[in-house]
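Protein sequence lines correspond, in order, to chains A and B.
Using the working numbering, the letters of the first sequence correspond one by one to residues 1 to 402.
Using the working numbering, the letters of the second sequence correspond one by one to residues 1001 to 1350.
Quick reminder that beta carbons are idealized off the backbone N, C-alpha and C, glycines included.
Below is one structure; the comments refer to it alone.
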Amino acid sequence: MKIIFLFSLLLSAQSLFAQQDARKQLQTRFIMVEDGQTIELEEGRFEIDATLSIEGKKNITIKGKGADKTVLSFKTQKTGAEGLRISNCSDFVLESLSVEDAKGDCIKAMNVKGITFRNVHAKWTGKLSKNNGSYAIYPVLCENVLIENCEARGASDAGIYVGQSQHIIVRKNKAYENVAGIEIENSLYADVYENEAYENTGGILVFDLPDLQLKRGGYCRVFNNVVKENNTKNFAPKGNIVAKVPLGTGILLLASNQVEVFGNRIINNRTVGTGIISYFITENPVKDSAYYPYPTGINIHDNVYSRERKRATMKGRMGKLYRFKLKFGKNVPDIIFDGITDEKIVTANGLYANEKRICIRNNSGAGYANLDASNDFKNISRDAGAMDCILTSLPAVKTWLP
Amino acid sequence: MKKLISISTLVVLLSGLIAGGVVSGSRPYDKLSDYGFFKGELKNQQPSENVLPYKLSTPLFSDYAEKLRFIFIPEGSNAKYNDSTVFDFPKGTVLIKTFYYPDDFRKPAGTKKILETRLLIHNENGWSALPYIWNEEQTEAFVDVAGETKKVSYTDINGKKQKHDYVIPNQNQCKGCHNKSEVLMPIGPTARQLNFETSFGSETLNQLVFWASKGRLVNLPDLSTIPAAIAFNDSSTGNINQRARLWLDINCGHCHRPAGPAGTSGLYLHYDESDPLHLGVMKTPVAAGRGSGNLKFNIVPGKPEESILLYRMKSTDPGVMMPELGRTKPHTEGIALIREWISSLKTDQP
């Protein structure tokens, strides 16, 4: 009896000191670890009140006992803009653990050459809210990135977000109930395959945006993914580019170049199955003279599309566009192209030549529309005949990872 | 004194021990007092001979903590002057910064509580950072790489009682700010930040002249050619644009510059940035997330309340606020300055 009492006393006393202690102990290990070592994290739920960071290390593995067994919870976080921060490292592996409820991003990796996320869950566990952090799994300015068997949920921007990076593989992950499920932004050589992106606002986004250091992404393959039911209300804070993504978006290619989309099942995304759009559709100003705002070299083939016969969203700017300008009713096209083209390189038929072409071929169940946005949506065409072509397939991405 | 002479050789020796930021065992010194930087009681922070005190004209805001700064440059070596960036300091240099709160800000010479002393040590492998946390008795500070959150209470300059958290960063976080192309670097000691007069015991001298007189700074040109020190809160030292830009430089520019940790955002706030777009004028955010506060642009000329920059300066939410480290409170005076600056901007003219 006495022992039980003592035990419960210990448990309640834990809250006061345990947080700083758990954080301090982990942080000290992350600083003291020597190159080449593995940090094994114990089973348990650790309440952490500040960012944990690891910096300037080589060939380190941080490994938990399993995503459901080792949980770093940042619910009580008081300081720092991310849960876990990995910077300026090489050959880094993070696996078999969960990071939850960080105030900013759950896991941010910056300037890491060779980073693997494996069996990592990164989630905001509460309601879907604009107050959730931006990115659950967030490598930026990295080279040789592998994200596999991970789960991301609740991000007010993107669940899995790879930005300004090169040589990237994102495979076999689940991204659900985020604004964007998976986003590849201003990145080169990315293979995104065998993922499930569902119940986000938008499933998979490949974007090139202005004003950044890595100006131009491309050479991205999105294949064999299941992209379904991405009809969640957009809960991103305004001002962010993803706040403009309409609910019901499957795959969206914004100003991206050399992208191949094939073998995907794109199911019940009510507004657009696959969109090919220029940056101008965002209505944001373009002042970066080195930025290229048009999508080119797009190859969409052998995908399966299906959707329930219902209207596109009426919410937001895009919803208004569908409602008042496009007027598709319930006959919403699966694939749309905004029709805004680079006048400098169009040929006589108003389209691009050779590897710059936008090609759509052999997709099952795919309705199409060219929105003619540059001409105030006057001549919307539902005939994909002009886009019937195929580009040379892109090579598989190679990474140099163990 | 004897101890100090050995420091230059010691600091070079330390390089091996601090390599890669890993502090092993009990070295480098567990205790701040072991370095011999101070004479008398440690808490009085009286520098030993050869340890020079200095001040910055516009320091980084750190939750209203006061800072004492000192520099140790080994006998016989010296820093090289330049007019725009941090001086080139020789190996063996140690920058020493002590953070404290006076019990009553209206009596700055009265009792105080010292929280931490940070060392930036220039050794064979470059700079490394070491945080020392003071004990409650205020008799010693101990090296602590993992950081800590402490409660502080004091009476502020307006006589109001204040109580808040004070966050001592972990060793990795030092590099969150002290970072140029992923190399740890000092931020503060530039010509512009040091070029003013202050008292050294009985005499009042320009700090740069003082350093030169001690043989610790060479290539110092005529004072009239050196960029004038600008104090963000003293309008006699610069116009609104200069003072705001300097405040942004010291509080934001260490990260928000092309080679800095926040370079990925494309928002550059260092003093020399001249492109309005990179300064944030009508620039859309990239990865701000909820930091955007439902606003569209970083800076909207003439409209501070529509500018994300000001919104994030005002916030104390860890996922929103900027800078993201080193404060739990808003810097009221800095916010007022930046509000005035944004109000003064004409469209596309920062």
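Best match in B/1069, B/1311, B/1085 for proximity to residue 1190 of chain B [C-alpha to C-alpha]: Locating residue 1190 of chain B in the second sequence gives position 190, where the first residue counts as 1. The residue with the shortest Cα to Cα distance from residue 1190 of chain B is B/1085.
Interface partners of residue 200 of chain A on chain B, CB under 9 Å: As a working mapping, residue 200 of chain A is identified with position 200 in the first sequence. Correct list: empty, because the minimum Cβ distance to chain B is about 15 Å.
For residue 1154 of chain B, the residue or residues it bridges with in DSSP: Taking the second sequence and counting its residues from 1, the one referred to as residue 1154 of chain B is at position 154. Residue 1154 of chain B is bridged to B/1162.
Whether residue 333 of chain A touches residue 385 of chain A by CB criterion (8 Å): What you label residue 333 of chain A is simply residue 333 of the first sequence in a count that begins at 1. What you label residue 385 of chain A is simply residue 385 of the first sequence in a count that begins at 1. No; because the gap between Cβ atoms is not below 8 Å, this pair is not in contact.
Residue burial classification, residue 115 of chain A (beta-carbon count within 10 angstroms, cutoff 16): To locate residue 115 of chain A, count along the first sequence from 1; it is residue 115. Around the beta carbon of residue 115 of chain A, 16 or more other beta carbons lie within 10 angstroms, which makes this residue buried.
Below-8 Å beta-carbon distance, residue 1290 of chain B vs any chain A residue: As a first step, residue 1290 of chain B is located in the second sequence; it is residue number 290 there, counting from the start. Judged by the 8 Å Cβ criterion, residue 1290 of chain B is in contact with chain A.
Neighbourhood of residue 1056 of chain B by C-beta distance below 8 Å, restricted to the same chain and skipping five residues each side: Within the second sequence, residue 1056 of chain B is the residue found at index 56, counting from 1. These residues qualify, in order along the chain: 1069, 1188, 1189, 1193, 1194, 1250.
Contact under 8 Å by Cβ, residue 99 of chain A with residue 142 of chain A: Counting from 1 along the first sequence, the entry for residue 99 of chain A is found at position 99. Counting from 1 along the first sequence, the entry for residue 142 of chain A is found at position 142. Not a contact, by the Cβ cut-off of 8 Å.
C-alpha distance - residue 351 of chain A paired with residue 1269 of chain B, whole-angstrom precision: Translated into the one-based positions of the first sequence, residue 351 of chain A becomes position 351. Translated into the one-based positions of the second sequence, residue 1269 of chain B becomes position 269. Roughly 42 Å separates the two Cα atoms.
Near-chain A residues of the segment 1169 to 1201 of chain B - C-beta to any C-beta below 7 Å: 1170, 1171, 1172, 1173, 1175, 1182
Segment contact, 8 Å Cβ cut-off, at least three pairs: the segment 184 to 191 of chain A with the segment 203 to 215 of chain A: yes
Residue 1194 of chain B - containing alpha helix (DSSP H), residue span: The count along the second sequence starts at 1 and reaches residue 1194 of chain B at position 194. Note, residue 1194 of chain B: alpha helix (DSSP H), 1191 to 1194.
Span separating the alpha-carbon of residue 326 of chain A from that of residue 1282 of chain B: Counting from one through the first sequence, the residue named residue 326 of chain A turns up at place 326. Counting from one through the second sequence, the residue named residue 1282 of chain B turns up at place 282. Each residue's Cα considered, the two are about 30 Å apart.
Cut-off 6 Å between Cβ atoms - residues of its own chain near residue 370 of chain A, not counting five sequence neighbours on either side: Stepping through the first sequence from its first residue, residue 370 of chain A is reached at position 370. So the list reads 337, 339, 381, once near-sequence residues are dropped.
C-beta neighbour in chain A for residue 1096 of chain B, strict 8 Å: Here residue 1096 of chain B corresponds to residue number 96 of the second sequence, with the count starting at 1. So no, residue 1096 of chain B is outside the interface.
Member of A/287, A/289, A/246, A/356 whose CA lies at the smallest distance from the CA of residue 323 of chain A: Here residue 323 of chain A refers to the residue found at position 323 when the first sequence is read from its first residue. Looking at the Cα atoms, A/246 is the closest of the given residues.
Residues that residue 1313 of chain B contacts on chain A, provided the C-beta gap is smaller than 8 Å: For this step, residue 1313 of chain B is matched to residue 313 along the second sequence. Chain A residues near residue 1313 of chain B: none, gap ~14 Å exceeds 8 Å.
Continuous beta strand (DSSP E) stretch holding residue 110 of chain A: start and end: Taking the first residue of the first sequence as position 1, residue 110 of chain A is located at position 110. Its beta strand (DSSP E) spans residues 105 to 110.
Residues of its chain near residue 1026 of chain B, where Cβ-Cβ distance is below 8 Å and the 5 sequence neighbours each way are ignored: Within the second sequence, residue 1026 of chain B is the residue found at index 26, counting from 1. At residue 1026 of chain B, the pLDDT of 34 sits below 50, so the modelled position is not reliable; the number obtained from the coordinates is stated separately. Taken in chain order, the list of residues that qualify is empty.
Interface flag, residue 1308 of chain B vs chain E, CB-CB below 8 Å: You won't find chain E in this structure, because its protein chains are A and B.
Cutoff 8 Å: residue 206 of chain A Cβ touching any chain B Cβ: Residue mapping note: residue 206 of chain A aligns to position 206 of the first sequence, counting from 1. No, residue 206 of chain A does not count as interfacial toward chain B.
Cβ contact (3+ pairs, closer than 8 Å) linking the segment 287 to 297 of chain A and the segment 236 to 250 of chain A: no
Positions along the segment 74 to 100 of chain A whose CB lies within less than 9 Å of some CB in chain B: 77, 78, 79, 80, 81, 82, 85, 87, 88
Min CB distance residue 110 of chain A to chain B below 8 Å: Mapped onto the first sequence, residue 110 of chain A falls at position 110. Yes, residue 110 of chain A lies at the interface with chain B (some Cβ there is under 8 Å from its Cβ).
As assigned by DSSP and simplified to three states, the class of residue 382 of chain A: Residue 382 of chain A sits at position 382 when you count from the first residue of the first sequence. It is coil, neither helix nor strand.
Residue 1094 of chain B and residue 1119 of chain B closer than 8 Å at C-beta: In the second sequence, counting from the first residue as 1, residue 1094 of chain B sits at position 94. In the second sequence, counting from the first residue as 1, residue 1119 of chain B sits at position 119. Contact flag set, yes.
For residue 1206 of chain B, the residue or residues it bridges with in DSSP: For the purposes of this step, residue 1206 of chain B is taken as the residue at position 206 of the second sequence. Paired residues: B/1197.
Cβ-based neighbour list, residue 1238 of chain B, same chain, cut-off 6 Å, excluding 5 preceding and 5 following: The residue labelled residue 1238 of chain B in the question sits at position 238 within the second sequence. These residues qualify, in order along the chain: 1230.
Whole-angstrom distance between residue 53 of chain A and residue 1137 of chain B, CA atom to CA atom: Numbered from its first residue, the second sequence carries residue 1137 of chain B at position 137. Numbered from its first residue, the first sequence carries residue 53 of chain A at position 53. In this structure, the alpha-carbon of residue 1137 of chain B lies about 30 Å from that of residue 53 of chain A.
Contact residues within the segment 270 to 297 of chain A, judged by C-beta distance below 8 Å to chain B: Within the segment 270 to 297 of chain A, contact with chain B at the beta-carbon level (separation under 8 Å) is assigned to 284, 285, 287, 288.
Within-8 Å CB hit, residue 126 of chain A to chain B: In the first sequence, counting from the first residue as 1, residue 126 of chain A sits at position 126. Chain B places no beta carbon closer than 8 Å to that of residue 126 of chain A, leaving this residue out of the contacts.
Simplified DSSP assignment, three categories, for residue 1141 of chain B: Walking along the second sequence from the start, residue 1141 of chain B turns up at place 141. Residue 1141 of chain B: strand per DSSP, three-state reduction.
Distance CB(residue 1256 of chain B)-CB(residue 1061 of chain B) smaller than 8 Å: Walking along the second sequence from the start, residue 1256 of chain B turns up at place 256. Walking along the second sequence from the start, residue 1061 of chain B turns up at place 61. For residue 1256 of chain B and residue 1061 of chain B, no; Cβs fall outside 8 Å.
Test item: CB-CB of residue 155 of chain A and residue 119 of chain A under 8 Å: Within the first sequence, residue 155 of chain A is the residue found at index 155, counting from 1. Within the first sequence, residue 119 of chain A is the residue found at index 119, counting from 1. Result no, Cβ atoms of residue 155 of chain A and residue 119 of chain A do not sit closer than 8 Å.
Paired residues, beta bridge with residue 1046 of chain B - DSSP: The count along the second sequence starts at 1 and reaches residue 1046 of chain B at position 46. Assignment of beta-bridge partners to residue 1046 of chain B by DSSP yields B/1039.
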